[in-house]
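In this note's numbering, the protein residues as written are -9 to 197.
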């Protein structure tokens, strides 16, 4: 009986926390971080201010929770990538397409707009966001490239540069178009960017 009640209370608390994060994400996106009060977030989430402070000690903590949630969602998407067992180009295209589709998700551009707008006030949050992404995103790619290098299929002198060149081409072709032009990105454009990036990268590093 007591266990069932505790489970119910945890579920309710989780729902309220999720509602607060979603309300803050929407309001910060619409008005900007500085123009949104914690009271407005609590009202939009349908909870009391006291409930908000049970979950988040400050508005900054709420902002950090939004960034962490978005980061983890991006990583989960990438981790679910089905990479072919063979074929260097096919393997790179699979990884690159998963990364590019994550970039093309409107939530990615929305999150980066928040960071760009408010990072000067919270540089530690921006740093934490990118640090949280770096390992899960670059790690699997680095491991794959090392295996291909050991097999004699590719060669490079600077691993970090090789990784950043591939990711940078994907970011330039997908993300910055969304951020700077405000344009959506369809599947055809994602595939075009992916194949162009992989082709260019292999032209430089394939043996």
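Ideal placement from N, C-alpha and C gives every residue a C-beta, glycine not left out.
Between which two residues does the alpha helix (DSSP H) harbouring residue i extend?
i, result
"residue 97", "96 to 108"
Please work out which residues of its chain come closer than 8 angstroms, Cβ to Cβ, to residue i, disregarding the five sequence neighbours upstream and downstream, and give them in chain order.
i, result
"residue 143", "78, 196, 197"
"residue 103", "19, 169"
"residue 180", "87, 90, 91, 94, 164"
"residue 194", "155"
"residue 56", "11, 14, 15, 18, 101, 104"
"residue 136", "149"
Is DSSP giving residue i helix, strand or coil here?
i, result
"residue 193", "helix"
"residue 70", "coil"
"residue 125", "helix"
"residue -3", "helix"
"residue 46", "coil"
"residue 75", "coil"
"residue 112", "coil"
Near residue i, which residues of its chain fall below 7 angstroms by C-beta distance, leaving aside the five closest residues on each side in sequence?
i, result
"residue 49", "28"
"residue 131", "85, 153"
"residue 59", "11"
"residue 61", "119, 122, 123"
"residue 128", "153"
"residue 138", "78, 144"
"residue 175", "94, 164, 167, 168"
"residue 71", "84, 85, 88"
Ignore the nearest five residues each way along the sequence and tell me which others in residue i's own chain have a CB closer than 6 angstroms to its CB.
i, result
"residue 105", "116"
"residue 37", "6"
"residue 64", "92"
"residue 52", "14, 46"
"residue 112", "none"
"residue 81", "73, 74"
"residue 100", "19"
Original post:
Which runs of the alpha helix (DSSP H), 4 residues or longer, sit entirely within the stretch 130 to 190?
Top reply: 149 to 160, 166 to 171
**OP:** Output the residue ranges of the alpha helix (DSSP H) runs that lie fully inside the stretch 12 to 38 and measure 4 residues or longer, sorted by chain position.
**Re:** 28 to 35
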